[in-house]
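Contents: one structure, followed by commentary.
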RNA sequence: GGACGGGUGGGUGAGUGGCUAAAACCAGCAGACUGUAAAUCUGCCGCUCCUUGCGGGCUACGGAGGUUCGAAUCCUCCCCCGUCCA
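Numbering (the working numbering), first residue to last: 165 to 510.
Right under this line is the structure:
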């Protein structure tokens, strides 16, 4: 899922996203609640209509902001009290409120509010985050089910989120508690926040072992190109990541040969496409020299073209992974990707 | 011809006796980025030597002299640039 926090995947139009084959994007509860406001979006016909995106949308709950806006919030059992990063105003985000906002937005998949903590975390902190996440999940589920049932609208899904930091038993416990609540899909959160990739994989594996294969399993916030296949191999069905879009804006392009830091002088007169093996519209038309020039000049087109390419690259990886699964050589694909990216920037 | 104002590292531009190889910003070079407070952030950015260290040497604030233990900073002359007056 390309990430479109504020109801836009930065640098891409919805038309471009459709052409790239994105089937679902992620938007953010906390950000859209602050601006333009979920009631505004509701009055405008919901998020799909508002942003003119006919395909699926998953809304994150604001749980990640619990983690990333640490200086601006205070957590209690009731919920999270935020100071807006926009105007400093205070807001209380509870599990019910997060659900309500997402119902107003009308996303296809809503996430429960969870407590995402830093890694490494002391066991005590991880335990209480799991306890709180479970309690919040229950409240969110109740609130959500009551509303969706009452409206006769069961189109909207809601996912629970497994926490537990880097403790396998807590991950297991978290997953089991969520299973009891019963969600149509489950996410694994609080990973790829600084711990080694092996740990991310280990925790993901522990969680997916508990979660039903027949329901969607979503690993939140990952990953690097060479890591994605590993997660899929562990049973993960969906992922989201800001990396392709953010790195693109920062002049880091992903290619079949590894990363290309396009601002480097060495590309000043490089007439090759970003990735000779890439079939995206940018690679078919423009040279590295031109891209580098656009970045050097601070042109907005640089971000647009780079984002287009990176999102294409990520979606293409997913396509290759699906193919590899069909042919039974996912492991081979995975190690090939790792080898290409091991060397660092090409 | 006269009166003021000014000439600082690639650029803009601080700095009016030692804490100054010289602020800050830009440009340049390199790096980071994983449920987006991110078109952001970080490092380097005179030359040179090595035992790469809050290391040594050299060069540097228009030019040439001078004052001083010490000068981008003070003095003298000169050369440029801007504005105004004749």
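Heads up, the beta-carbon is just placed ideally off N, CA and C, and yes, glycines get one too.
Predicted model, so just to flag it, every value in this text is computed and none were measured.
- Secondary-structure assignment with DSSP links residue 166 through a beta bridge to 405.
- DSSP, reduced to helix, strand and coil, places residue 432 outside both helices and strands of the structure shown, so it counts as coil.
- Leaving aside the five residues that flank residue 186 on each side, the residues in its chain whose CB is nearer than 6 Å to its CB run, in chain order, 166.
- In the structure shown, the three-state DSSP call for residue 333 is helix.
- For residue 365, the enclosing alpha helix (DSSP H) has its first and last residue at 361-374.
- The closest CA to that of residue 392, considering only 282, 361 and 409, is found on 361.
- Nearest Cα to residue 425 within the set 172, 395, 456 and 407: 456.
- Note that the region 408-415 does not touch the region 491-503; fewer than 3 beta-carbon pairs, one per stretch, sit closer than 8 Å.
- Look at the region 207-254 and you find these whole runs of alpha helix (DSSP H), each 4 residues long or longer: 211-214 and 227-232.
- Relative to the Cα of residue 353, the nearest Cα in the group 334, 346 and 344 belongs to 334.
- One thing to note: residue 390 has its Cβ no nearer than 8 Å to the Cβ of residue 478.
- Exclusion of the five residues before and after residue 380 leaves 349, 401 and 402 as the residues of its chain whose Cβ lies within less than 7 Å of its Cβ.
- If the five residues before and after residue 437 are omitted, its C-beta is found closer than 6 Å to the C-beta atoms of 447, all from its own chain and listed in chain order.
- Judged by DSSP secondary structure, residue 185 falls outside any beta strand (DSSP E); it is assigned neither H nor E.
- According to DSSP, residue 483 shares a beta bridge with no other residue.
- Taking the C-beta atoms as reference points, residue 332 is found no nearer than 8 Å to residue 281.
- A residue is called buried when at least 16 other Cβ atoms come within 10 angstroms of its Cβ; residue 287 does not meet this threshold and is exposed.
- Per DSSP, the beta-bridge partners of residue 419 are 422.
- For residue 323, the three-state secondary structure derived from DSSP is strand.
- Per DSSP, reduced to three states, the secondary structure at residue 199 is coil, with no helix or strand assignment.
- The region 171-182 and the region 233-244 do not touch, with fewer than 3 CB-CB distances between them shorter than 8 Å.
- For residue 214 and residue 430, the gap between their C-alpha atoms comes out near 43 Å.
- In terms of Cα proximity to residue 343, the closest of 240, 323 and 358 is 323.
- Straight-line spacing of the CA atoms in residue 359 and residue 259 works out to 27 Å.
- Around the beta carbon of residue 204, a 10 Å sphere encloses fewer than 16 other beta carbons of the protein chains shown; the residue is thus reported as exposed.
- Secondary structure of residue 256 (DSSP, three-state): strand.
- About 5 Å separates the CB atoms of residue 279 and residue 296; that is less than 8 Å, so the two are in contact.
- For residue 285, no beta strand (DSSP E) segment is defined, and its DSSP state is neither H nor E.
- The beta carbons of residue 206 and residue 268 sit about 4 Å from each other, so the pair counts as a contact at 8 Å.
- Residue 277 and residue 227 do touch by the CB rule: their CB atoms are close to 5 Å apart, below 8 Å.
- Distance check between residue 250 and each of 312, 452, 383 and 198 places 198 closest, using alpha-carbon atoms only.
- Distance check between residue 244 and each of 275, 300, 435 and 418 places 300 closest, using alpha-carbon atoms only.
- Under the three-state reduction of DSSP output, residue 192 falls in the strand class.
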